[in-house]
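Colleague: Okay, handing you the structure first.
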């Protein structure tokens, strides 16, 4: 006894393409929103929490990228602060380097691209990205649960 599929196979293909598109879109939205929150947390600190901005390069090197299987889908602006024109280039360069580590997954990468960012945190005891990373880690599970609900809700509305 055989089973015959009564649905056009192109309809099945289109259904799964739509599912993949929904997943990609919702994950990109979630990571983009979190990335924006992260860079605002770093850039909008009071002087007591932040470092002294001598050149503007460190603050200008702060940004994020959203990646889908190693391919950049979104990159934040790397706004030049003061005269920190070296910062954006360093931030973008670091994003490109780190993206190679996430070729098999979706990723949000937040960077402070100047090579002395770690020293500012360690030697000057100033928070560059440490608290922002802790914040992102503390909210990501909840955000992903909400994203999963959005994805499933949108998929439920698809027809085959």
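Residue numbers (our numbering): 935 to 1094.
Ideal placement from N, C-alpha and C gives every residue a C-beta, glycine not left out.
(1) Shorter than 7 Å, the distance from the beta carbon of residue 1021 to the closest heavy atom of the ligand HEM, or not?
(2) By a C-beta neighbour count over all protein chains shown, 10 Å radius and 16 as the cutoff for buried, is residue 936 buried or exposed?
(3) Identify the continuous alpha helix (DSSP H) that holds residue 1092 and give its terminal residues.
(4) Determine whether the beta carbon atoms of residue 941 and residue 1094 lie at a separation below 8 Å.
(5) List the residues that DSSP assigns as beta-bridge partners of residue 1043.
(6) Thinking C-beta only, is residue 1029 closer than 8 Å to residue 1045?
(7) Applying the 10 Å Cβ sphere with the 16-neighbour rule, what's the burial state of residue 1054?
(8) So what does DSSP say about residue 956, is it helix, strand or coil?
(9) Could you confirm whether any beta carbon from chain C is found closer than 8 Å to the beta carbon of residue 977?
Modeller: Here's the rundown:
(1) Absence of the ligand HEM from the depicted structure is noted, as is the absence of any ligand whatsoever, leaving it without description.
(2) One-based indexing of the chain shown puts residue 936 at position 2. Burial call: exposed.
(3) Stepping through the chain shown from its first residue, residue 1092 is reached at position 158. Note, residue 1092: premise wrong, no alpha helix (DSSP H); not H, not E.
(4) Taking the first residue of the chain shown as 1, we reach residue 941 at position 7. Taking the first residue of the chain shown as 1, we reach residue 1094 at position 160. Result yes, Cβ atoms of residue 941 and residue 1094 sit closer than 8 Å.
(5) In the chain shown, counting from the first residue as 1, residue 1043 sits at position 109. 999, per the DSSP bridge assignment.
(6) As a working note, residue 1045 is residue 111 in the chain shown. As a working note, residue 1029 is residue 95 in the chain shown. Against a cut-off of 8 Å, the Cβ pair of residue 1029 and residue 1045 comes out as a contact.
(7) On the chain shown, residue 1054 is found 120 positions in, with the first residue counted as 1. Flag for residue 1054 reads buried.
(8) Along the chain shown, one-based indexing puts residue 956 at 22. Helix, per DSSP.
(9) Considering every chain present, this structure includes no chain C. It has just one protein chain.
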